[in-house]
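Here is the structure we will look at.
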Amino acid sequence: MTTGPGRASGMILADEVWLGGWRGASVLRVRDGLLEYVSPAGVADRVDGHLTGAVLPGFVDSHVHLGLVDATGLVPGGISGVRDLGWDPAVASAWARSTDPSAVDVEFAGAILTAPGGYPSDRSWAPPEAVREVSTAAEAAAAVREMVGFGASVIKIALNSVAGPVWSDALLDDVVGLARAAGVPVVAHTEGAGQAVRAANARVDVLAHTPWTERLSDDEIAFAASRCAWTSTLDIHGWGERGRAFETAVDNLARFAALGGRVLYGTDLGNGPTPVGLNSRELAALGEAGLSIDDLLRALTRPASSGSFGARFTWIPGAAGRNARRGADWLGSASVVTVATMEEIYS
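Laid out in structure tokens, this is it:
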């Protein structure tokens, strides 16, 4: 939840801090409206407030569709930021520009680039404005320029051979190259035999889902781990009921993570009965795939710049759960707290 109104200033003692790694008891300060790490506890002469529990960067869901949910539940549910991966770019741009302090922070892809007749152009959940059908490099360049012009921080592409046509390798390479030249990474929906490997071959930056339609070979997993990050989205396969797709995805992700592949926490929010906020089933599935509590925290957060947590942060009461099974429950008690309101949780 987000705490109520208040003010914060001076030096603050936190019982535990995680900032890319565990820092232990630490002194923090508020400067220019941002919460910053100062030093280990005991170094500062005095403190003006005390935060029990743990202070962590804001949690991010790296795969959502805000147009399909009531987003007002995200911040109260423990999520500070999201990456929207497919909607009308004009609408998504307005979400990202919102100055409402209670709203979730939004980065977005805008419309999904796909082959003519390709996924998701025929899906009822995707409005026409959420798709750009691209058949040439020139059309791809125009679509990339359009999305970047709206403020997109990523380009989303679809390689779904199960649902429809996909691009040739040459056009795929062109699209990825055009996005990279524009300074934005590429996130790919891959579905169907060979599509995840095609994306890795083309140096796509992130897969929007852990591959679930096929069990990748160990060599393919190793190749993917050296090329791109994977967004988890495990819970959408059964929403707690498991099944073959879930088991395949968990197996692929376990081997990917074991080889050092970068995992991003993402739920595909809006796809079925996924909870708005932190998804305990997603966290538990990531633990089942072998991710440690530190791995989970790296998946949930973005690297902090210069020791700053920003204007809002994650606060979790109680002792940190250092094993994945206990850690998933502990993470589920997270709250989003703003610098302007943090005095309400001082002990």
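Residue numbers (the numbering used here): -1 to 345. Beta carbons: idealized from backbone N, C-alpha and C, even for Gly.
- By a beta-carbon distance limit of 8 Å, Leu257 contacts Ala220. Their separation comes to about 6 Å.
- For the options Ala222, Leu26, Arg213, Leu284, the alpha carbon positioned closest to that of Gly238 is the one of Leu284.
- By the neighbour-count criterion, in which a residue is buried when 16 or more other Cβ atoms sit within 10 angstroms of its Cβ, Trp123 is exposed.
- Under the rule that a run must span 3 or more residues, the beta strand (DSSP E) segments found entirely inside the region 300 to 336 read 306 to 308, 310 to 314, 333 to 336.
- Membership of Arg27 in the beta strand (DSSP E) is indicated by the continuous run 20 to 29.
- Taking the Cα of Leu298 as reference, the smallest distance to any Cα among Arg213, Ser304, Gly76 is reached at Gly76.
- The alpha carbon of Val45 has as its nearest neighbour, out of Gly51, Val53, Arg27, Leu54, the alpha carbon of Arg27.
- Cα atoms of Ala179 and Ala138: separation of roughly 12 Å, rounded to the nearest angstrom.
- The Cβ neighbour count for Asp120, taken over all protein chains shown within 10 Å, is under 16; the residue is labelled exposed.
- Under the three-pair Cβ rule at 8 Å, the region 221 to 235 counts as touching the region 253 to 273.
- When DSSP states are grouped into helix, strand and coil, Leu49 belongs to the strand group.
- Taking the Cα of Ile153 as reference, the smallest distance to any Cα among Trp165, Ala161, Val173, Val164 is reached at Val173.
- Judged by pairs of C-beta atoms under 8 Å, the region 103 to 120 touches the region 141 to 156, as three or more such pairs exist.
- DSSP places Asp82 within a strand segment (E or B) once states are collapsed to three.
- Its chain contains Ser24, Leu26, Leu49, Val53 as the residues whose beta carbon lies nearer than 6 Å to that of Ala12, once the 5 sequence neighbours on both sides are disregarded; these appear in chain order.
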